[in-house]
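Residue numbers (this note's numbering), protein chains in the order written: chain R, 39 to 558; chain H, 139 to 446.
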């Protein structure tokens with residue numbers, strides 16, 4: 039081989055090497071659990087939406103500052119209080135090359151209203167949707183809806199043709215463990231497309247070359263989601279460089295990660311409240327020993343509430359990174375006040391007395407269901423609660439399992455006493471009431487039912503006079519807080535840890551937006 | 139009575155086993171350590187005032203207290219506390235009791251099953267022997283930890299969840315026992331083959347003693363030496379197997395942790411500097427398994443030099 043050729047070959051290698059180094063970079067992202075399904079309407083759950091958000095887009099969306107802005111719709115207008123017009127972007131293509139038109143939007147909204155959809159509560163006020171022309175959509179609501187845009191920001195738009203071809207016209211029935219094409223495949227208009235999907239192991243997102251928008255940093259060409267359940271293993275993977283970004287860095291390891299020269303940690307209060315639910319409808323606890331249901335009595339619920347030393351949980355389990363909560367909503371949500379967020383005092387003796395007065399001087403037995411890969415230190419919080427309730431004589435048996443089973447069995451009404459966390463993507467109290475407190479609501483597994491609260495929810499949905507609406511919200515919060523329908527624990531604080539040169543802006547809803555990611 | 143005791147004592151004192159024992163410092167040391175561990179584990183209520191298995195006696199504010207000799211340590215928690223405020227020393231001792239119970243029971247289960255099958259196979263021979271021995275060969279090709287995982291998985295499928303926590307220990311004993319019996323079957327069959335052609339067996343057969351009596355009364359005592367050696371080493375293996383299964387999260391539940399469960403729970407805190415939560419159970423397990431192995435080695439050298 040001539041020296042000149044050798045030089046050329048070497049130069050070619052050098053070029054390829056250098057270009058791959060500069061232009062093609064992968065962000066390896068890890069958290070404790072995986073998306074439950076790729077079907078964007080089948081499960082209303084944090085990590086599931088986090089994954090869908092990279093592939094699918096909605097008419098409007100929240101930006102980095104959490105304010106609503108245009109996405110697939112460029113502008114919108116109301117002609118009367120029940121009729122909305124949305125004007126779509128005309129340059130949007132799905133990742134398979136099809137152009138997106140108003141037919142797809144109409145299809146997707148109707149799809150999200152199907153019985154198997156977990157997002158039907160979001161858009162329950164939408165009574166009609168039709169395409170005016172290729173790029174105009176008319177949405178009719180059954181009553182004036184002041185939070186329609188907030189709600190639409192979580193309804194992802196799918197391709198009608200793709201769904202038709204792949205037998206995915208209705209959302210996957212997740213509660214019945216249905217397997218569909220749309221649960222393992224995704225095709226949207228977003229900045230990324232999924233090229234490999236191994237649930238709970240690896241998901242590869244590649245740049246969608248047909249995306250209409252522009253990336254913050256064009257070097258970000260691939261994202262890999264590698265869920266690692268064990269906290270120590272996840273941190274070890276981050277520190278060894280195997281992982282670039284962890285969106286649920288374990289609180290006990292933040293000091294260790296910060297001390298590493300090549301890594302950084304960011305924390306922000308998360309829009310999520312952790313609480314315990316107690317079934318108040320069953321005549322007899324499934325896992326109890328008293329033959330009745332102690333949770334029906336408010337005194338019992340209050341006894342459990344006052345037996346929980348939330349400050350100890352904050353200090354020892356959460357290492358200071360939590361904010362004790364009095365209601366299931368957090369600062370920043372319409373309807374939240376500091377006053378409502380005050381907790382009943384921690385008082386073991388008062389709790390014992392309440393329990394004795396309610397007719398359970400020797401306590402009772404119940405099983406606490408808990409996820410072990412969903413919230414920050416979820417199982418450890420439950421273990422701590424078991425000990426605290428033991429002190430007032432309530433024998434709690436802990437049953438911790440993976441989140442997909444936990445949620446499924448909860449929806450199947452198998453829980454007497456359970457842990458759940460609730461975020462508020464619409465930033466309005468209505469979302470909490472509509473899912474957690476309304477009679478028969480899909481996540482109201484405490485089976486709370488109060489006609490005044492139901493009436494207040496109707497007001498929240500249809501009242502455009504903001505003062506009247508806020509009064510209804512305040513009233514509803516007061517009723518449910520006095521009733522102690524749930525045991526609020528704390529507002530979560532999330533921490534993201536990443537390599538110093540990987541910059542993914544942290545957001546209070548814990549959703550990374552990789553289109554804003556960059557390398558520095 | 140008195141007279142018999144003295145004879146027994148002198149018999150032990152004059153035996154070659156005793157002689158070899160007092161000449162072996164490792165055997166004496168490991169026996170001493172094991173006696174201490176056994177005493178502390180089975181009489182743990184006398185050793186420590188804490189009961190880590192009673193969640194209502196714990197205080198979360200005590201959690202993550204470092205060992206007593208460090209700056210922030212408290213004298214009442216000598217080895218510190220774990221993430222739930224459990225005293226490490228008490229938790230380790232309670233945990234080692236579970237580990238020892240599971241280990242012993244599993245070995246006894248494997249021993250009864252293995253010796254029963256191995257002895258009868260060696261004695262009767264023929265198709266029965268072939269069947270039993272091929273079966274052990276097949277099982278030996280499957281690593282014992284996989285076998286135990288399989289049994290545990292099946293048991294989880296069959297037993298309802300409410301019962302599972304209570305049954306966890308029995309499932310573990312069965313799982314570990316079933317994965318270890320082929321060793322006992324092989325050794326006892328080989329020893330039986332040697333014994334059964336000896337004159338005392340022929341003599342018994344001729345005077346019409348039944349097969350069962352010959353097997354268990356005459357042959358069994360003569361093959362016990364190699365079986366005991368295998369049993370001692372098997373005990374250490376069983377304890378480690380239990381720790382492995384619990385470490386993988388399929389063993390005893392975290393509310394009543396064994397040594398393996400403790401190591402797993404402590405693993406979450408390795409990076410955060412709370413080293414004592416995983417270190418002490420781990421070092422305790424090492425000492426326990428090492429002592430049993432040393433004792434087993436000594437027994438092998440003394441009782442059955444041929445196995446070397």
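Even glycine gets a Cβ: it sits at the ideal position worked out from N, Cα and C.
Q | Pairwise C-alpha distance: residue 460 of chain R and residue 476 of chain R | A | For the purposes of this step, residue 476 of chain R is taken as the residue at position 438 of the first chain. For the purposes of this step, residue 460 of chain R is taken as the residue at position 422 of the first chain. For residue 476 of chain R and residue 460 of chain R, the distance between alpha carbons rounds to 15 Å.
(Q) Taking DSSP's pairing of strands, which residues face residue 307 of chain R in a bridge? (A) Within the first chain, the letter at position 269 stands for residue 307 of chain R. Residue 307 of chain R is bridged to R/531.
Q: Just the C-alpha distance for residue 396 of chain R and residue 442 of chain R, rounded to the nearest angstrom, thanks.
A: Here residue 396 of chain R refers to the residue found at position 358 of the first chain. Here residue 442 of chain R refers to the residue found at position 404 of the first chain. Using only the alpha carbons, I get a separation of about 36 Å.
Q: With a floor of 3 residues, list each beta strand (DSSP E) that falls wholly inside the segment 436–521 of chain R, ordered by position along the chain.
A: 455–461
**Q.** Proximity to residue 183 of chain R [Cα-Cα], best of R/209, R/496 and R/380
**A.** Within the first chain, numbered from 1, the residue matching residue 183 of chain R stands at position 145. For residue 183 of chain R, the nearest C-alpha among the options comes from R/496.
Q.
Using a Cβ distance threshold of 8 Å, determine whether the segment 362–370 of chain H contacts the segment 201–214 of chain H, with at least three qualifying pairs required.
A. no
Q | residue 130 of chain R vs residue 138 of chain R beta-carbon contact at 9 Å | A | For the purposes of this step, residue 130 of chain R is taken as the residue at position 92 of the first chain. For the purposes of this step, residue 138 of chain R is taken as the residue at position 100 of the first chain. It is a contact, given that the beta carbons lie within the stated cut-off.
Q: Determine, using beta carbons only, whether residue 364 of chain R and residue 380 of chain R come nearer to each other than 9 Å.
A: In the first chain, counting from the first residue as 1, residue 364 of chain R sits at position 326. In the first chain, counting from the first residue as 1, residue 380 of chain R sits at position 342. Yes, Cβ-Cβ distance for residue 364 of chain R and residue 380 of chain R is below 9 Å.
Q: Find the nearest neighbour of residue 235 of chain H within the set H/375, H/256 and H/394, judged by alpha-carbon distance.
A: The residue given as residue 235 of chain H occupies position 97 in the second chain. Residue 235 of chain H has its Cα closest to that of H/394, out of H/375, H/256 and H/394.
(Q) Using a Cβ-Cβ distance cut-off of 9 Å, determine whether residue 393 of chain H contacts chain R. (A) Residue 393 of chain H sits at position 255 when you count from the first residue of the second chain. Cβ-Cβ to chain R under 9 Å: yes for residue 393 of chain H.
(Q) Can you find the residues in the same chain that come closer than 6 Å, C-beta to C-beta, to residue 328 of chain R, ignoring five residues on each side of it along the sequence? (A) Residue 328 of chain R sits at position 290 when you count from the first residue of the first chain. So the list reads 402, once near-sequence residues are dropped.
Q) Are residue 550 of chain R and residue 67 of chain R close, meaning C-beta to C-beta below 9 Å? A) Looking up residue 550 of chain R in the first chain gives position 512. Looking up residue 67 of chain R in the first chain gives position 29. The answer is yes: Cβ separation under 9 Å.
Q) Cβ atoms of residue 303 of chain R and residue 314 of chain R: under 9 Å apart, would you say? A) Counted from its first residue, the first chain places residue 314 of chain R at position 276. Counted from its first residue, the first chain places residue 303 of chain R at position 265. No, the pair does not count as a contact, with Cβ atoms beyond the cut-off.
Q. What is the DSSP secondary structure of residue 225 of chain H, counted as helix, strand or coil?
A. The count along the second chain starts at 1 and reaches residue 225 of chain H at position 87. Strand, per DSSP.
Q. When burial is assigned at 16 or more other CB atoms within 10 Å of the CB, is residue 213 of chain H buried or exposed?
A. Within the second chain, numbered from 1, the residue matching residue 213 of chain H stands at position 75. Flag for residue 213 of chain H reads exposed.
Q) Which residues of chain R have a Cβ atom closer than 7 Å to the Cβ of residue 221 of chain H, listed in chain order? A) In the second chain, counting from the first residue as 1, residue 221 of chain H sits at position 83. Going along chain R in sequence order, the residues near residue 221 of chain H (Cβ under 7 Å) are 418.
Q.
Between the alpha carbons of residue 553 of chain R and residue 201 of chain H, how many angstroms are there, rounded?
A. Locating residue 553 of chain R in the first chain gives position 515, where the first residue counts as 1. Locating residue 201 of chain H in the second chain gives position 63, where the first residue counts as 1. If I take the Cα positions, the gap works out to 42 Å.
Q: With 7 Å as the limit, tell me which residues of the segment 394–409 of chain H have their beta carbon closer than that to any beta carbon of chain R; keep them in chain order.
A: 405, 406, 407, 408 and 409
Q | Sub-9 Å separation of residue 404 of chain H and residue 220 of chain H beta-carbons | A | Your numbering for residue 404 of chain H matches position 266 in the second chain. Your numbering for residue 220 of chain H matches position 82 in the second chain. In contact: residue 404 of chain H and residue 220 of chain H (Cβ atoms closer than 9 Å).
Q. In or out: residue 147 of chain H buried (at least 16 other Cβ within 10 Å) or exposed?
A. Counting from 1 along the second chain, the entry for residue 147 of chain H is found at position 9. Exposed, by the Cβ-count rule.
Q.
For a contact defined as C-beta to C-beta under 9 Å, what are the partners of residue 354 of chain R on chain H?
A. Numbered from its first residue, the first chain carries residue 354 of chain R at position 316. What residue 354 of chain R touches in chain H: 198, 199, 200, 201, 202, 221, 222 and 223.
Q | residue 536 of chain R - DSSP class collapsed to helix/strand/coil | A | For the purposes of this step, residue 536 of chain R is taken as the residue at position 498 of the first chain. Three-state result, residue 536 of chain R: strand.
Q.
For a cutoff of 9 Å on Cβ pairs, would you count residue 235 of chain H as touching chain R?
A. For the purposes of this step, residue 235 of chain H is taken as the residue at position 97 of the second chain. Not one chain R Cβ lies under 9 Å of residue 235 of chain H.
Q) Would you call the CB atoms of residue 257 of chain H and residue 324 of chain H closer than 9 Å? A) Here the question's residue 257 of chain H lines up with position 119 in the second chain. Here the question's residue 324 of chain H lines up with position 186 in the second chain. In this structure, residue 324 of chain H does not lie closer than 9 Å to residue 257 of chain H by Cβ.
Q: Note down, in chain order, each residue of its chain lying with its Cβ closer than 7 Å to the Cβ of residue 410 of chain R, except the 5 sequence neighbours on either side.
A: Sequence index remark: in the first chain, residue 410 of chain R carries index 372 (1-based). Result list for residue 410 of chain R: 416, 417, 438, 439 and 440, in chain order.
(Q) Output needed for residue 543 of chain R: all residues of its chain with C-beta closer than 6 Å, excluding positions within five of it in sequence on either side, in chain order. (A) Walking along the first chain from the start, residue 543 of chain R turns up at place 505. Hits under 6 Å: 102 and 554.
Q: Give the secondary structure of residue 233 of chain R by DSSP, where H, G and I count as helix, E and B as strand, and everything else as coil.
A: Within the first chain, numbered from 1, the residue matching residue 233 of chain R stands at position 195. Of the three classes helix, strand and coil, the one that applies to residue 233 of chain R here is strand, per DSSP.
Q) Does the segment 243–252 of chain R touch the segment 382–396 of chain H, meaning 3 or more C-beta pairs lie closer than 8 Å? A) no
Q: Indicate the three-state DSSP secondary structure (helix, strand or coil) for residue 544 of chain R in the structure shown.
A: Translated into positions along the first chain, residue 544 of chain R becomes position 506. In this structure, residue 544 of chain R counts as coil in the three-state DSSP scheme.
(Q) Using a Cβ-Cβ cutoff of less than 6 Å, which residues in the same chain neighbour residue 224 of chain R once the five nearest sequence positions on both sides are dropped? (A) To locate residue 224 of chain R, count along the first chain from 1; it is residue 186. These residues qualify, in order along the chain: 76, 93 and 232.
Q | Identity of the residues DSSP links to residue 260 of chain R by a beta bridge | A | Position 222 of the first chain, counting from 1, holds the residue named residue 260 of chain R. Residue 260 of chain R pairs with R/64 and R/244.
Q | Where residue 335 of chain R falls: helix, strand or coil (DSSP) | A | The residue labelled residue 335 of chain R in the question sits at position 297 within the first chain. Three-state DSSP puts residue 335 of chain R in coil, outside helix and strand.
Q: Note down, in chain order, every chain R residue with its Cβ under 7 Å from the Cβ of residue 193 of chain H.
A: Start at 1 with the first residue of the second chain, and residue 193 of chain H comes out as number 55. Going along chain R in sequence order, the residues near residue 193 of chain H (Cβ under 7 Å) are 424, 425 and 428.
Q) With residue 233 of chain H and residue 396 of chain H assumed to form a contact (beta carbons below 8 Å), what rounded beta-carbon distance in angstroms separates them? A) If you number the second chain from 1, residue 233 of chain H lands on position 95. If you number the second chain from 1, residue 396 of chain H lands on position 258. Confirmed, about 5 Å.
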